[in-house]
Amino acid sequence: MLHKKRLPMSSHADAILSDARKELGNPARRLLGKQVLTLGGLSLLSGCDLSTDSSINMMLRTMSGFNDQAQALLFNPRQMAPTYPESMITRPFPFNAFYGIDEVPEVDPASYRLQVSGLAKGKRAWTLAELGALPQASQITRHICIEGWSAIGHWGGVRFADFLQQAGADLTAKYVSLHCADNYWTSIDMPTALHAQTLLTLTYDGQLLPPQYGFPLKLRIPTKLGYKNPKHIVAISVTNDYPGGYWENQGYNWFGGS
Ligand SMILES: Nc1nc2c(c(=O)[nH]1)N[C@H]1C(S)=C(S)[C@@H](COP(=O)(O)O)O[C@H]1N2
Ligand SMILES: [Mo]
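For the sequence shown, counting from 1, position 241 maps to 241 in the working numbering; every step adds exactly one.
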């Protein structure tokens, strides 16, 4: 059963996960009425404290086996990702991209514009100064990469919900796609875009976002896996047509989190 008593983790993790897998193989209705799981909830279920490499890997393997529909049923988009004290920030924070650190794109802040297109009234370009002038928020959350590592970081910026509102986005649209200076792209559903912890970040650890972590703009979504946290964003599009993504089109699960 999914919500069997929580057992001391490590030794029972395998058995609990295999139960969870069987559960997912059953008709979707069996999942309804059961405890709604988040990434954090799944980590408890799997006995993973999200800090042990082997248990993270195990959890991620299980997660990537879930199809989008099963995840949509299991994960509650209103659930909050855990936050952490400053003392737990991972230093140095890891770099990751589909290329090496020496190929990080250089974006000129003066000529930079964030282009908004699609189902939005305010189809316009935003300067960094304009984004910096919007109300700012910050978070210390855990970034989880499907490749099997996680790290806690400190990001600051504009709540994406506020930005979308300011940009005149149609908040009833299905998707928001995000396009990056390195030609990476990903897309998210509107409930995730509007989630209180989804942050259009301009800073890392109180400093301007460093190049390797996504200068000048990274969308931080702590309820999603790393590949759904695009760096170097240059264009945002609001759409009802499924936009896919760089890794998603190569088989990574589109839902990618809670
Ligand atoms: N533009 C862009 N964004 C990206 C990626 C990328 O290759 N290009 N990789 C993703 C993946 S898989 C991860 S784990 C995180 C890594 O972010 P970090 O370098 O800040 O740790 O960026 C995500 N966003
Ligand atoms: Mo990743």
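Yeah, the Cβ is synthetic: ideal placement off N, Cα and C, and Gly gets one too.
{"Asked": "If you run the structure through DSSP and keep just helix, strand and coil, what is Thr223?", "Found": "coil"}
{"Asked": "For the beta strand (DSSP E) holding Asp162, just list the boundary residues, first then last.", "Found": "From DSSP, Asp162 is part of no beta strand (DSSP E) but of the alpha helix (DSSP H) over Phe160 to Gln166."}
{"Asked": "Alpha carbon to alpha carbon, how far is Pro109 from Phe93?", "Found": "23 Å"}
{"Asked": "Just to confirm my understanding: we take Ser117, look at its own chain, exclude 5 residues before and 5 after, and list those with CB closer than 7 Å. What are they?", "Found": "Lys123, Ala235 and Ser237"}
{"Asked": "When the Cα atoms are used, what is the spatial distance from Val36 to Ala81?", "Found": "Its pLDDT being 41, under 50, Val36 is placed unreliably by the model, and nothing is read from it."}
{"Asked": "If the criterion is Cβ atoms closer than 8 Å, does the pair Leu132 and His143 meet it?", "Found": "The question names Leu, but residue 132 in the sequence shown is Gly. No, the Cβ-Cβ distance between Gly132 and His143 is not below 8 Å."}
{"Asked": "What does DSSP give as the partner residue(s) for Asp108 in the beta ladder?", "Found": "Per DSSP, none; premise fails for Asp108."}
{"Asked": "For Ile221, which option in Ile89, Leu208, Asp189 and Glu86 has the closest C-alpha, if you only look at C-alpha atoms?", "Found": "Asp189"}
{"Asked": "Is it the case that the Cβ atoms of Tyr204 and Trp155 are separated by a distance below 8 Å?", "Found": "yes"}
{"Asked": "Using the Cα positions of Asp162 and Thr201, report the straight-line distance between them to the nearest angstrom.", "Found": "13 Å"}
{"Asked": "What number of angstroms, rounded off, separates the C-alpha of His195 from the C-alpha of Gly256?", "Found": "15 Å"}
{"Asked": "Could you tell me which whole beta strand (DSSP E) segments of length 3 or greater appear in the stretch 108-145?", "Found": "114-118 and 137-145"}
{"Asked": "Using DSSP's beta-bridge definition, name the partner residues of Tyr99.", "Found": "Looking at the DSSP assignment, Tyr99 forms no beta bridge with any residue, so it has no partner."}
{"Asked": "Among Pro135, Ala151 and Glu147, which has the Cα closest to the Cα of Thr141?", "Found": "Ala151"}
{"Asked": "Please say whether Ile101 and Cys180 have beta carbons closer to each other than 8 Å?", "Found": "no"}
{"Asked": "For Ala193, report the span of its alpha helix (DSSP H) as first-last.", "Found": "Met190 to Ala193"}
{"Asked": "Can you tell me which of the three DSSP states Gln207 falls into?", "Found": "strand"}
{"Asked": "May I ask you to check if the CB of His232 is nearer than 7 Å to at least one heavy atom of ligand 1?", "Found": "yes"}
{"Asked": "Whole angstroms are fine: how far does the CA of Lys121 sit from the CA of Leu225?", "Found": "30 Å"}
{"Asked": "Who are the Cβ neighbours of Arg113 in its own chain at under 6 Å, not counting the five residues just before and after it?", "Found": "Ala125"}
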